[in-house]
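Working notes for the structure below.
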Amino acid sequence: MTTRAKDGIVKPRLQPTLLLTHVEPKTIKQALSNSTWSAVMQTEYNALLSNDTWSLVHLPPHRTAIGCKWVFCIKENPDGTVQKYKARLVTKGFNQQFGFDYNETFAPVIKLVTIRLILTLALTHHWPLQQLDINNAFLNGTLDEEVYMTQPPGFEASDKNLVCKLHKAIYGLKQAPRAWFEKLKSTLLQFNFQASKCDPSLFVYSHANSVIYILVYVDDIIITSNDSTLLHTLVSQLHSTFSLKDLGDLDYFLGIEVKTQSDGSLILTQSKYIRDLLNHTDMEASKPFSSLMVSGCKLSKVGTEDFLDVSLYRSIVGALQYATITRPEISFSVNKVYQFMSHPLAHHWSTVKHILRYLKGTTSWGLHLQPAPSNSPLSIHAYCDADWASDPDDRRSTSGASIFLGTNLVSWWSKKQPVVARSSTEAEYRSLALATAEVTWIQTLLSELKVRHSPPIIFCDNLSTVALAHNLVLHARTKHM
Numbered sequence: 001m002t003t004r005a006k007d008g009i010v011k012p013r014l015q016p017t018l019l020l021t022h023v024e025p026k027t028i029k030q031a032l033s034n035s036t037w038s039a040v041m042q043t044e045y046n047a048l049l050s051n052d053t054w055s056l057v058h059l060p061p062h063r064t065a066i067g068c069k070w071v072f073c074i075k076e077n078p079d080g081t082v083q084k085y086k087a088r089l090v091t092k093g094f095n096q097q098f099g100f101d102y103n104e105t106f107a108p109v110i111k112l113v114t115i116r117l118i119l120t121l122a123l124t125h126h127w128p129l130q131q132l133d134i135n136n137a138f139l140n141g142t143l144d145e146e147v148y149m150t151q152p153p154g155f156e157a158s159d160k161n162l163v164c165k166l167h168k169a170i171y172g173l174k175q176a177p178r179a180w181f182e183k184l185k186s187t188l189l190q191f192n193f194q195a196s197k198c199d200p201s202l203f204v205y206s207h208a209n210s211v212i213y214i215l216v217y218v219d220d221i222i223i224t225s226n227d228s229t230l231l232h233t234l235v236s237q238l239h240s241t242f243s244l245k246d247l248g249d250l251d252y253f254l255g256i257e258v259k260t261q262s263d264g265s266l267i268l269t270q271s272k273y274i275r276d277l278l279n280h281t282d283m284e285a286s287k288p289f290s291s292l293m294v295s296g297c298k299l300s301k302v303g304t305e306d307f308l309d310v311s312l313y314r315s316i317v318g319a320l321q322y323a324t325i326t327r328p329e330i331s332f333s334v335n336k337v338y339q340f341m342s343h344p345l346a347h348h349w350s351t352v353k354h355i356l357r358y359l360k361g362t363t364s365w366g367l368h369l370q371p372a373p374s375n376s377p378l379s380i381h382a383y384c385d386a387d388w389a390s391d392p393d394d395r396r397s398t399s400g401a402s403i404f405l406g407t408n409l410v411s412w413w414s415k416k417q418p419v420v421a422r423s424s425t426e427a428e429y430r431s432l433a434l435a436t437a438e439v440t441w442i443q444t445l446l447s448e449l450k451v452r453h454s455p456p457i458i459f460c461d462n463l464s465t466v467a468l469a470h471n472l473v474l475h476a477r478t479k480h481m
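In case it helps, the working numbering puts the sequence shown at residues 1 to 481.
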């Protein structure tokens, strides 16, 4: 058996002076032994107390107190420098019992298509883009259920038999995201905002000629408006209700770097995210590839030996899936390797590494968003295609589509179809139906925002599908469609 040690592959030993400051502590003992982390923990604990998050009580009979723990994180800037050290007290929500400790848990987040669409509108009309971050966002949510938690490690009271009766939604609770969203939603509704019917995490304020759009992704918020004075007034109102940080102009959101160009356009990149991914997989020194996959590559469930580290495969492929937010060209390849998450083989991992080596040579690439002509309706056009019976295992087809708002790519996908298509016409027709549904949703959202747009055009390269879409001729090959 060949081990890493025999091959001379060893991890560099960290200097003791850097162990607890520049590396996230794994235990509370490590954190408390370092002044930086202990100060961060104390700040977080004080915030919990000032927010009236809990009260110490005796545990009622027939009730169970869920545990809690401290988690630590170093938040970095896009250039890799340390922005701040974060300590968070989280509950062990996996011990909660449905019907006793929680009921509803779902909380919406802004759709990525909506973000790109609003960015296009802001660029077109030269509106400012501002970013806010809510401090301890989940602690603002109010609990409807009776939940008990053990005392925070390292900050126990003299009577250790007491438990914390939670009044606010703390991190780790299953219902915490929903409680926070409901609190934010009720606050914005009081400010005369309306939640979009197409995307519940998009809030719109419209009065006279003034308009404000708020995009909410948990505790990260983007605001844009055609009235700068009204925008600053809104930020002041939110500041009086929540503890928040005004991060200024939008430049880094959800791991996406937003770079403003001299011509007024934006470039969305995930350079830091990709560099971290390459570093995590020890691929930062690899030779770049100019292609995503080997030409004619057909991945299958059979072929080579099993890839033993299934967790590594899943984590890397999942990370690649997130990279498709700004890299549409890798969607097809990532979709292919994603289909083997339950049982990856060695050649599947080789394909994953091929994708990583492609990203190594294109780290700075991203999505370019340009202003559209403001004096004419926005154009919507889409392209759809299908790869008929491409899967060698089950012969299911793959659908793909790209949708443009003006010149900006706002939506795309590569998906395996759920059923076997009996002909290329059927496969292309299913792809066309998916693209039509997405275009219809974008139309509805634009109409809701009172944005003028031209009738959409959808391009399909299959003549039989185009003919069928124009005239539903029923015969043996298409009557089931």
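We put the beta carbon where it would ideally sit given N, CA and C, even for glycine.
Query	Result
Identify, in the order they occur along the chain, each residue of the same chain with its Cβ nearer than 7 Å to the Cβ of Asn135, setting aside the five sequence neighbours on each side.	Ser243, Leu244 and Lys245
With DSSP collapsed to three states, give me the class of His58.	strand
Got a sec? Which residues, its chain only, sit under 6 Å from Thr91 by beta carbon, not counting five neighbours each side?	Ile66, Cys68, Met149, Ile170, Gly172 and Leu173
At the level of alpha carbons, what is the spacing between Val23 and Cys460?	52 Å
Once the 5 residues before and after Asp220 are set aside, which same chain residues still bring their CB inside 7 Å of it?	Asp133, Phe253 and Leu254
Would you report the Cα separation of Ser491 and Thr326, rounded to the nearest angstrom?	Residue 491 lies beyond the stretch modelled for the chain, which goes from 1 to 481, so this question has no answer here.
Taking 7 Å as the threshold (C-beta atoms), are His453 and Ile380 in contact?	yes
Taking Cβ to Cβ, would you say Pro78 is nearer than 7 Å to Lys272?	yes
Is the Cβ-Cβ distance between Ala401 and Ala435 less than 7 Å?	yes
Classify Gln131 as buried or exposed, calling it buried when 16 or more other Cβ atoms lie within 10 Å of its own Cβ.	buried
What does the alpha-carbon distance come out to for the pair Asp52 and Ala195?	29 Å
Residues in the same chain with beta-carbon distance under 6 Å from Phe181, minus the five sequence neighbours each way, listed in chain order, please.	Ala107
Would you call the segment 307-322 in contact with the segment 343-362, where contact means no fewer than 3 C-beta pairs closer than 8 Å?	yes
Please list, in chain order, all residues of the same chain as Phe332 whose beta carbon is under 7 Å from its beta carbon, the five residues on each side excluded.	Gly400 and Ser414
With a 10 Å radius around its C-beta and 16 neighbouring C-beta atoms as the bar for buried, classify Leu463 as buried or exposed.	exposed
With a Cβ-Cβ cutoff of 7 Å, do Lys185 and Gly141 count as a contact?	no
Look at the alpha carbon of Asp394 and the alpha carbon of Tyr358, and state the distance between them as a whole number of angstroms.	28 Å
With the cut-off set at 7 Å, would you say Leu369 and Asn408 are in Cβ contact?	yes
Return the CA-CA distance between Trp54 and His62, expressed in angstroms with no decimal places.	20 Å
Quick one: is Pro12 buried, meaning 16 or more other Cβ sit within 10 Å of its Cβ, or exposed?	Any reading at Pro12 must be qualified, since the residue scores a pLDDT of 47, below 50, and its modelled position is unreliable; no value is offered.
My guess is that Ala122 and Leu112 are in contact by the Cβ rule of under 8 Å, so how many angstroms apart are they, rounded?	Contact doesn't hold; Cβ gap of about 16 Å is too wide.
Quick check on Ile222: does DSSP put it in helix, strand or coil?	strand
Using C-beta distances below 7 Å, list every residue in its chain close to Thr21, excluding the 5 sequence neighbours before and after it, in chain order.	With a pLDDT of 46 at Thr21, under the threshold of 50, the modelled position of that residue is not reliable, and no figure is offered here.
For Glu483, count the other beta carbons within 10 Å of its own beta carbon; 16 or more makes it buried, fewer makes it exposed. Which is it?	Only positions 1 to 481 of the chain appear in this structure, which leaves residue 483 out of reach.
Would Ala382 and Ile355 be called neighbours here (beta carbons separated by less than 7 Å)?	no
Run through DSSP, which three-state label would Gly67 get?	coil
Run through DSSP, which three-state label would Trp365 get?	coil
Tell me the residue span of the alpha helix (DSSP H) that contains Phe181.	Ala176 to Gln190
Should Tyr217 and Thr224 be called a contact, given that it needs their Cβ atoms to be closer than 7 Å?	no
Starting from the Cα of Arg178, find the closest Cα among Lys287, Phe138, His239 and Val204 and give me that residue.	Phe138
Would you decide whether Pro60 is buried or exposed? Buried here means 16 or more other CB atoms lie within 10 Å of its CB.	exposed
Determine the extent of the alpha helix (DSSP H) in which Asn335 is found, giving its start and end residues.	Ser331 to Tyr338
Do you know whose CA, among Leu247, Leu117, Leu166 and Arg88, lies nearest Thr444's CA?	Leu117
Looking at the strands, I want to know which residues DSSP matches up with Tyr102.	Phe98
In this structure, does DSSP put Gly318 in helix, strand or coil?	helix
I need the DSSP call for Phe203, collapsed to helix, strand or coil.	strand
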